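Heads up: the structure comes next, in structure tokens.
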Amino acid sequence: MPEADPFTRYAVERLRSTPFMPDGDAPEEMAFAASLASFRKLHERDWGGTNARGEALFVDAGYLESMTPNAFADIHDDRHFIGMHQALLVTIMDLALFAFTQSALFPTVGDAEGEASPSPAHGGVPGLYLLELTLRGEGVEAELAKHRVPQDADRHVMAVYLAMLMARFVWEHELAHCQLGHVLFLQIEGQGAHLSEAPFGPELVGRQPSRRSSVELSAIRHAFELEADATALRNCIAIQLENIENIPGIRALDPGLRIQMSVFGAYLMTWLFEAYGHHAAIEGAASHPEPMMRLASLQRTTRTLLGALDGFDAFHQGIVDQFETLIDALGVETQVRPSLNTTASTVTATVDLLAAFRFVQPS
Ligand SMILES: [Zn+2]
Numbered sequence: 001m002p003e004a005d006p007f008t009r010y011a012v013e014r015l016r017s018t019p020f021m022p023d024g025d026a027p028e029e030m031a032f033a034a035s036l037a038s039f040r041k042l043h044e045r046d047w048g049g050t051n052a053r054g055e056a057l058f059v060d061a062g063y064l065e066s067m068t069p070n071a072f073a074d075i076h077d078d079r080h081f082i083g084m085h086q087a088l089l090v091t092i093m094d095l096a097l098f099a100f101t102q103s104a105l106f107p108t109v110g111d112a113e114g115e116a117s118p119s120p121a122h123g124g125v126p127g128l129y130l131l132e133l134t135l136r137g138e139g140v141e142a143e144l145a146k147h148r149v150p151q152d153a154d155r156h157v158m159a160v161y162l163a164m165l166m167a168r169f170v171w172e173h174e175l176a177h178c179q180l181g182h183v184l185f186l187q188i189e190g191q192g193a194h195l196s197e198a199p200f201g202p203e204l205v206g207r208q209p210s211r212r213s214s215v216e217l218s219a220i221r222h223a224f225e226l227e228a229d230a231t232a233l234r235n236c237i238a239i240q241l242e243n244i245e246n247i248p249g250i251r252a253l254d255p256g257l258r259i260q261m262s263v264f265g266a267y268l269m270t271w272l273f274e275a276y277g278h279h280a281a282i283e284g285a286a287s288h289p290e291p292m293m294r295l296a297s298l299q300r301t302t303r304t305l306l307g308a309l310d311g312f313d314a315f316h317q318g319i320v321d322q323f324e325t326l327i328d329a330l331g332v333e334t335q336v337r338p339s340l341n342t343t344a345s346t347v348t349a350t351v352d353l354l355a356a357f358r359f360v361q362p363s
């Protein structure tokens, strides 16, 4: 038998989990096989340089078979690992498909007028409902699933691209946790290096007593999330501005639309993570800032990166309006709305803590 690759070994031995290899023949899985391939290719020459301790960053990335929507960054035997759970992909894809069934969303793409603009079939976040059904062992009725898919072929394809851009934001966020020294810092602090995005999983195990208070550790973790978000968004936008997009279908789109969808996708992920928190029925997990705070912070990052460009205000308002339209179409209760002006909370300065561990500087 050939020796398993490092991610597979890590998944099986360390996480007691099974790696998920997307099926290149299944349309929805093919996109995620392409998403991981694209991410690896973008970083193949350099995962993020060398840190002050002289260590070069190298990252193994992969998917896990798991019905809890989550993503993580970790270090094990001096190798960084990042991963996404299969359920995260399912919910990203279902939300992206739902978005393009709404004629008010991206109205210039394809035959938007012809879309049925259905309500979510079960009064909630499309993918999460399907997950609950699956977890209860009930089948997903084909008839219900049909409504989730855009009628127009161009819009269907664009929904897949949106899902890929959302997944890219998640890859870049996890990579940022490695690049910015967060994972190494937590390991050295004895906090268990495994940084996971949703309040599930092994994050709370394996911690040792710390000389820092739980309030301080919580503030540090919040700062890590905001930093990772900012660096991820910067990288996603840079891929378009520097014209290094390597997914041919996305590369063929108008650059303005590519940036708009990249930013929209990043914003949507903050909202999805809030929905995952509700799904898990765990409120106010101490490890992550409030989703609204993350969204507000991302909006500031967008303005920092693009604000000087002509027509930025109208461009950004367009993204905000699309987001609000989608939330209204879903009919869900949420505080995560980009139109609400949330003032930034004070972010803990991490510069000194992380000087030895950072491979790159934060955005
Ligand atoms: Zn994170």
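Residue numbering for the sequence shown follows our numbering, starting at 1 and increasing by one per position.
Note that the Cβ used here is the ideal one computed from N, Cα and C, for glycine as well.
Quick caveat, the model's predicted, so the values are computed rather than measured.
Delimiting residues of the alpha helix (DSSP H) encompassing E216
214-241
Out of A167, P338, A219, F72, point me to the one whose CA is closest to L353's CA.
A219
Classification of T108 by the beta-carbon crowding that lies within 10 angstroms, buried from 16 upward:
exposed
Assigned exposure category for I92 - 16 Cβ within 10 Å defines buried:
buried
Environment of V12 [buried if 16+ CB atoms lie within 10 Å]
exposed
State the DSSP-derived secondary structure class of E13, mapped to helix, strand or coil.
helix
Kindly list the residues whose CB is nearer than 6 Å to the CB of A104, restricted to its own chain and excluding five residues on each side of it in sequence; keep chain order.
T325
So what's D60 in DSSP terms, helix, strand or just coil?
strand
By DSSP's criteria, L195 is part of a beta bridge. Which residues make up the other side?
A73
Do A99 and A159 come within 8 Å of each other at the CB atom, strictly closer than that value?
yes
Measuring CA to CA, which of L241, F81, I247, P248 is closest to Q260?
L241
Just the Cα atoms here: how many angstroms apart are H288 and E225?
7 Å
Should A296 be counted as a contact of ligand 1 given a C-beta to heavy atom distance under 7 Å?
no
Which term fits D154, buried or exposed, when burial requires 16 or more other beta carbons within 10 angstroms of its beta carbon?
exposed
Test item: CB-CB of A378 and P69 under 8 Å:
Because the chain here runs from 1 to 363, residue 378 falls outside it and cannot be looked at.
Anyone know if the C-beta pair for V360 and G49 falls short of 8 Å?
yes
Given a threshold of 16 other Cβ atoms within 10 Å of its Cβ, counted over all protein chains shown, does S262 qualify as buried or as exposed?
buried
Strictly by DSSP, which residues pair up with H65?
In the sequence under discussion, the amino acid at residue 65 is Glu, which differs from the His named in the question. E65 pairs with T18.
Between the CA atoms of M67 and T8 - distance to the nearest angstrom:
18 Å
Within the continuous beta strand (DSSP E) that includes I82, where are the two ends?
79-85
Short check: CB of L272 to CB of F72, under 8 Å?
no
Can you give me the C-alpha to C-alpha distance between G331 and H85, rounded to a whole angstrom?
26 Å
What does T50 pair with, by DSSP beta-bridge criteria?
A56
Between D23 and the rest of its own chain, which residues show a CB-CB distance below 6 Å, the 5 nearest in sequence each way excluded?
E29
Are the CB atoms of Y267 and P362 within a distance shorter than 8 Å?
no
Cβ of H173 within 7 Å of any heavy atom in ligand 1?
yes
Report the option in P19, A52, A96 whose CA atom is closest to the CA atom of F357.
A52
Closest by CA to F185, which one among Y276, I75, E3, T101?
I75
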